[in-house]
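Residue numbers (this note's numbering): 603 to 788.
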Amino acid sequence: MAKKFTRVSVALDRKSEEMLNILVRKKNTTISEVIRRAINTYFELENAATKITPDITKIYTDFLSDGEHCIVDIEHWTAMLDELNRKASDEFWEIMEKIGYEHGIQYKNKGLTDVYDILRYMEVGNWFRVKIDGEGSYTLILSTHTSQKFLRIFFENIFKAQKIPVKIYEGFGKLRLVKIKEGEES
603 MAKKFTRVSV
613 ALDRKSEEML
623 NILVRKKNTT
633 ISEVIRRAIN
643 TYFELENAAT
653 KITPDITKIY
663 TDFLSDGEHC
673 IVDIEHWTAM
683 LDELNRKASD
693 EFWEIMEKIG
703 YEHGIQYKNK
713 GLTDVYDILR
723 YMEVGNWFRV
733 KIDGEGSYTL
743 ILSTHTSQKF
753 LRIFFENIFK
763 AQKIPVKIYE
773 GFGKLRLVKI
783 KEGEES
């Protein structure tokens, strides 16, 4: 039995039309098939148990596509950080400071210059969940309490690189970040 199709007309801007034509050539298929696949993918994303938006997909792609990041099971991550918290040398923590500073510059070059935007970008890595407490005030609920020192040092240096004054408070399994307003003391 033949499939029944409904014909739909869609208005595209020039950029969308170019992208569509590239996909048609790249996949060696029809415009209709590309559109059907796009709708199916969008539907799956919108109806997934956990929302993975196109923006989050872009961040995952940014993290993983060039081999700069790796996926680590939370149990491995916890075990490694537990060991580091007990035995890491001062030199290790100095290296973490430098890496945080370098990430601050990298994020600035990506256009991530707002505390919340940086936190949302990093949240995709599953290190923590961001909770907004008020204007310029955030609580990070950590995936594991063993990441507290690591993340505190990392964030201190991200914000130092961008000259964003932020005070970081440690709780148990949480970090509180408060952006210091101009004229306020830290």
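In this text, a Cβ means the ideal position worked out from N, Cα and C, and glycines have one as well.
Can you give me the Cβ contacts of residue i inside the same chain, cut-off strictly under 7 angstroms, excluding the 5 residues immediately before and after it?
i	result
D684	T748
M682	none
Relative to the alpha-carbon of residue i, which residue among the options has its alpha-carbon at the smallest distance?
i	options	result
D675	N687, N630, L714, G727	G727
W679	R616, F752, R639	F752
K710	K733, I673, F761, T746	F761
F607	K629, E620, S634	S634
G775	R731, G785, N759	R731
A763	I707, T643, M724	I707
Hey, how far is the Cα of residue i from the Cα of residue j?
i	j	result
Y740	L779	5 angstroms
R639	S618	15 angstroms
R616	I743	43 angstroms
H705	I697	12 angstroms
T655	E772	31 angstroms
A650	N623	28 angstroms
D692	E699	11 angstroms
K689	W695	11 angstroms
T715	E670	21 angstroms
Look at the Cβ atom of residue i, then the Cβ atom of residue j, and state whether they are nearer than 8 angstroms.
i	j	result
F756	G702	yes
V717	V768	yes
L798	R754	The structure shown does not extend to residue 798, since the chain spans only 603 to 788, so no value can be given for it.
K765	G738	no
Based on the DSSP secondary-structure assignment, which residues constitute the bridge partners of residue i?
i	result
L686	Paired residues: none, contrary to the question.
V780	S739, K769
R731	I743
Within the same chain, show all residues whose beta-carbon is closer than 6 angstroms to that of residue i, passing over the 5 residues directly before and after it, in chain order.
i	result
T746	T680
Closer than 8 angstroms by C-beta to residue i: which residues in its own chain qualify, once you throw out the five before and the five after it? Chain order, please.
i	result
I626	Here the sequence assigns Val to residue 626, which means Ile is not the residue at that position. Cβ neighbours of V626 beyond the five flanking positions: T632, I633, V636.
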